[in-house]
Amino acid sequence: MLTFKVLKEFLVEKVIYLSGVISVILVVLIFVFLIKEGFSVFEAVNLKDFLLGRRWYPISDPPQLGILPLILGSLCVTFGASLICVPLGVASAVYIAEVASPRIREILKSGVEILAAIPSVVFGFIGMTTLVPWAKNALDLPTGLTGFSGSIMLAFMAMPTIVSVAEDALTAVPYKYKEAALALGATRWQAIHRVIVRAASSGIVAAVMLGMGRVIGETMAVMMVTGNAARIPQSLLQPMRTLTATIAAEMGETVQGSDHYHALFAIGIVLFAITFVINLIADFAIHRRFK
Amino acid sequence: MKTKTLIFLCLSLTASLFPSCEKAGTQTPGPASLHHSIQIKGSDTMVNLGQAWVEGYMQEHPQAFVAVTGGGSGTGIAALLSGTCDIAETSRTMKSKELKQAAEKGVKPVEFVVAMDGLAVVVNPKNPLDRLTVNELADIFTGKIRNWKEVGGHDLPIVLLSREVNSGTHVYFKEHVLRQGDEKRPEEFDEGALLMPSSQAVADEIAQNPNAIGYYGVGYSNPTQKALAVAQDKNSPYYLPTLENIMDGKYYISRPLLMYTNGQPQGTVKDFIDFVLSKEGQEIVRQVDFVPVPQR
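Protein chains in written order, with the working numbering: chain A, -17 to 273; chain B, 208 to 503.
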C-alpha cells in the first residue's frame, strides 16, 4: 500500500543517506585524484630519493626533487606550535570548564571563538609586520623570518580548536566523578587534575590532535613568516619551508603534466597521509572514551 | 519544507551550474574579429607596467577590456600553454623545456621585446658596501661567501633574499649572475636563501634588515634600500643601475622584457601590442621607471 507518506519517508531517508555518503565519496575522489596526478613523479625519481632527498630544486635540469627539508620544516613548525598551544590550550580549557564563574566563562568562550574566526592570512600579515622585526631584534637573529615566528602564529590558530574540543570533553565528564572526589576529601585542584582531567584525557588528546592537524595544513600564514628556505632546519630559529607553502607558491607556475606538477601533487599525497594519520589517532582517542 | 519549494530549489541549483561552463577570454583562431576582452598574465616585475599600458590603451579604446594579473613569468607562460590567457608578459625568455611543451600542445609562441629592465642588487643603507663584481655576487648568492667581512663589510652573517621559482627575475638572476650566461652550469641559489613571494617583500625585508642582500627590477627602487654598483670583474668600471647605464648596455645585469602570444596576434591583441610598441607606449615605460626599447 504505497501511500504518499510512505514514499516521502523513503525519499527523505535516501536523501539523508546520500548526504552522509557524499562526504566519504568526496574524500575518496580527492585521494584518487591526488594519486592519479602525483604517482607519475615516481617515474622521474624513486620513492626513497623523493622522501629522503635533501635538495629541492624543481626547475633545474634535471630537477632535484628531495622533500626531506620540507617535511622537516612542516614538522618543526608544528612541534614548535604545539609547545606553546598545547599547555596554554589545555590549561585554558580546564579553567573555562572547571574554575571560571559563569559570566567569565561566557566572555572567554566568545573570545576564543572570535580568535577562531580570524582569517589565517590576517595572522600572517600581522606576524610579518610585528613579530618578525621584533624577533630579529630581541633574539639577535640574522633575520626574523624563522620557524619560531611561524610557530607562534600557528599556536594562535590552533588554540581555539584545542580549547573548544578539550572544554567539551571536560564538561562531558559526569558530575558524579567530581562529587565523589570532593566527598572523599580532595581539594578542588586535586579533584580537577587527578580525576576530571584524567577522565577526559582521551577527549583532550583528540583536541590536541585536531589542533595539530589544523597547524600542519596551514598555508598562508606560514608562507608569510617562515622565510621559505628549503634547507634542513638545525634549530627553530632558522628560516624553513613547509610542504603547504611549497605547493601554494609553486603550483601557479608549473605547466600541467610536467615533472614539477606531478611532484607537487606527490607532496599533496604526503600531506594527506600525515593529516590522515593524525585524524585517525584523534578518532581512536575519542572512541576510547566510550569503553 | 513544502515539496514545491524543494523542487524549485533543486531546479535553481542545477540552473546556476550552467553559466560556469563558459571559458572567459580565450582567443579563437579564424577571421580577425575584434573581440573586446583580453587576458594578460605573467611577470610580477611587469605587472605595474602592464597595468599602466592597459590604462593608456583603454583611454583610447573605451570599449576594450584588458585584464592584467601577476603570478610570475613562469605562471604566465604556463597559462599561455594551457590556453588560459591571450598574452604572457615575462621578464625572461622561454626555456627550451617550455618551448618543447608548447610544441607538444600545438602552441606557437611569438615573442615581442616591449621594454628593458635592469636588476638592481640592493642592500640596507646601513651596509657600508657600495660595489661588487659579478663573481663576488655569484659567490654570495650560491653560498660560498657567508659573512659580510669576506667582501669588506662588517662581521655579520649574510642573509640572502631571492624570489620564488616561478619568478622570471629569479630565473634571470640565476642564469646571468650565478651561471654567468651558461644555462647548463650547475650553480643554484644557496639552499638557505629566503624565497620571498614578491619584489615588494624583498624591498620590505631589506629596509629592516642590515644583514640582507637581495635583487629586484629597478622599477622597485626605493630610498630605503641601497643599490650596489656592479662590474664584470675587478678591472672593469663599476656601474650603478641608472636609466642611461641600462640603455647604453653598460650595466651588466639588464634584460629585455617580453610579451608572448600564441601565433601571430590578431584583432584586439594585435592592436594592444601595436600600442605598447608605439611612441606613447614607450613613453609609459619611462613613466613607470623602466627603460624603453632602444629604437633602431
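For glycine and all other residues, C-beta sits at the position ideal for the given N, C-alpha and C.
Treat the numbers as computed from the prediction; the structure is a model and nothing was measured.
Query: Report the start-end ranges of each alpha helix (DSSP H) in the region 237 to 283 of chain B that is 4 residues or longer and not cut off at the edges.; Result: 254 to 267
Query: At the 7 Å Cβ level, is Val366/B part of the contact set with chain A, yes or no?; Result: yes
Query: For Glu25/A, count neighbouring C-beta atoms within 10 Å of its own C-beta (all shown protein chains included) and say buried if the count is 16 or more, exposed if not.; Result: exposed
Query: Using a Cβ-Cβ cut-off of 8 Å (strictly less than) and excluding sequence neighbours within five positions of Ser1/A, which residues of its own chain qualify?; Result: none
Query: Roughly how many angstroms separate the alpha carbons of Thr129/A and Thr208/A, rounded to a whole number?; Result: According to the sequence displayed, residue 129/A carries Gly and not Thr. Roughly 5 Å between the two C-alpha positions.
Query: Could you check where the beta strand (DSSP E) with Ile420/B kicks off and where it finishes?; Result: Ala419 to Gly424
Query: Helix, strand or coil for Tyr379/B, going by three-state DSSP, please let me know.; Result: helix
Query: Are any of the Cβ atoms in chain A nearer than 7 Å to that of Ala414/B?; Result: no
Query: Any beta-carbon of chain B closer than 7 Å to the one on Glu232/A?; Result: yes
Query: Extract the residue ranges of the alpha helix (DSSP H) inside the region 160 to 194 of chain A, only unbroken runs of 4 or more that lie entirely within it.; Result: none
Query: Give the residues of chain A in contact with Gln254/B, contact being defined as C-beta atoms less than 7 Å apart.; Result: Before going further, note that residue 254/B is Val rather than Gln in the sequence given. None at all; the shortest Cβ gap to chain A is about 13 Å.
Query: Could you tell me the distance, in whole angstroms, from the CA atom of Gln439/B to the CA atom of Val358/B?; Result: 16 Å
Query: Check whether the region 166 to 185 of chain A and the region 64 to 83 of chain A are in contact - that is, three or more C-beta pairs closer than 8 Å.; Result: yes
Query: Out of Gln220/A, Leu52/A, Lys(-4)/A and Pro84/A, which one is the CA nearest neighbour of Gly199/A?; Result: Leu52/A
Query: Would you please state the rounded distance, in angstroms, between the beta carbons of Thr349/B and Leu385/B? I believe it to be under 8 Å.; Result: 6 Å
Query: Determine whether the beta carbon atoms of Thr201/A and Thr226/A lie at a separation below 7 Å.; Result: yes
Query: Quick one: measure Cβ to Cβ for Glu371/B and Ala231/A, integer angstroms, because I've assumed they're closer than 8 Å.; Result: 5 Å
Query: Given that Gln238/A touches chain B, what residues does it touch there, using C-beta distances under 7 Å?; Result: Ser289
Query: If contacts are defined as beta-carbon pairs under 8 Å, then Leu136/A and Val190/A qualify, I think. What distance do you get, rounded to the angstrom?; Result: Their Cβ separation, rounded to whole angstroms, is 14 Å, which puts Leu136/A and Val190/A out of contact at 8 Å.
Query: With DSSP collapsed to three states, give me the class of Met222/A.; Result: strand
Query: From the DSSP secondary-structure annotation, give me the bridge partner or partners of Thr297/B.; Result: Leu465/B
Query: Since I believe Pro417/B is in contact with Asn334/B (beta carbons under 8 Å), could you give me their beta-carbon distance rounded to a whole number of angstroms?; Result: 6 Å
Query: Can you check DSSP and say which residues form a bridge with Val317/B?; Result: Thr468/B
Query: Decide if the region 156 to 164 of chain A is in contact with the region 16 to 35 of chain A; the criterion is three or more beta carbon pairs, one per stretch, under 8 Å apart.; Result: no
Query: Can you have a look at Ser92/A and say buried or exposed, based on whether 16 or more other CB atoms are within 10 angstroms of its CB?; Result: exposed
Query: When you check each C-beta in the region 298 to 319 of chain B against every C-beta of chain A, which residues fall closer than 8 Å?; Result: Lys304, Glu305 and Gln308
Query: The alpha helix (DSSP H) with Arg87/A in it runs from where to where?; Result: Pro84 to Ala99
Query: Please classify Trp38/A: is it buried, with 16 or more other beta-carbons within 10 angstroms of its beta-carbon, or exposed?; Result: buried
Query: 7 Å is my cut-off, CB to CB: does Thr228/A come that close to chain B?; Result: no
Query: So Pro221/A contacts chain B; which residues on that side make the cut at Cβ distance below 8 Å?; Result: Gly399 and Leu401
Query: Any beta-carbon of chain B closer than 7 Å to the one on Asn210/A?; Result: yes
Query: Exposed or buried, His383/B, counting other C-beta atoms within 10 Å across all chains shown (16 or more means buried)?; Result: buried
Query: Could you give the distance in angstroms between the alpha-carbon of Asn342/B and the alpha-carbon of Gly185/A?; Result: 59 Å
Query: State the Cα-Cα distance for the pair Val14/A and Tyr(-1)/A, rounded to the nearest angstrom.; Result: 22 Å
Query: Does the separation of the CB atoms of Leu464/B and Val328/B fall below 7 Å?; Result: no
Query: CB-CB under 7 Å to Ser397/B, same chain, minus the five flanking residues each way: which ones, in chain order?; Result: Strictly speaking, residue 397/B in this sequence is Asp, with Ser absent from that position. So the qualifying residues of the chain are Phe348, Thr349, Gly350 and Leu367.
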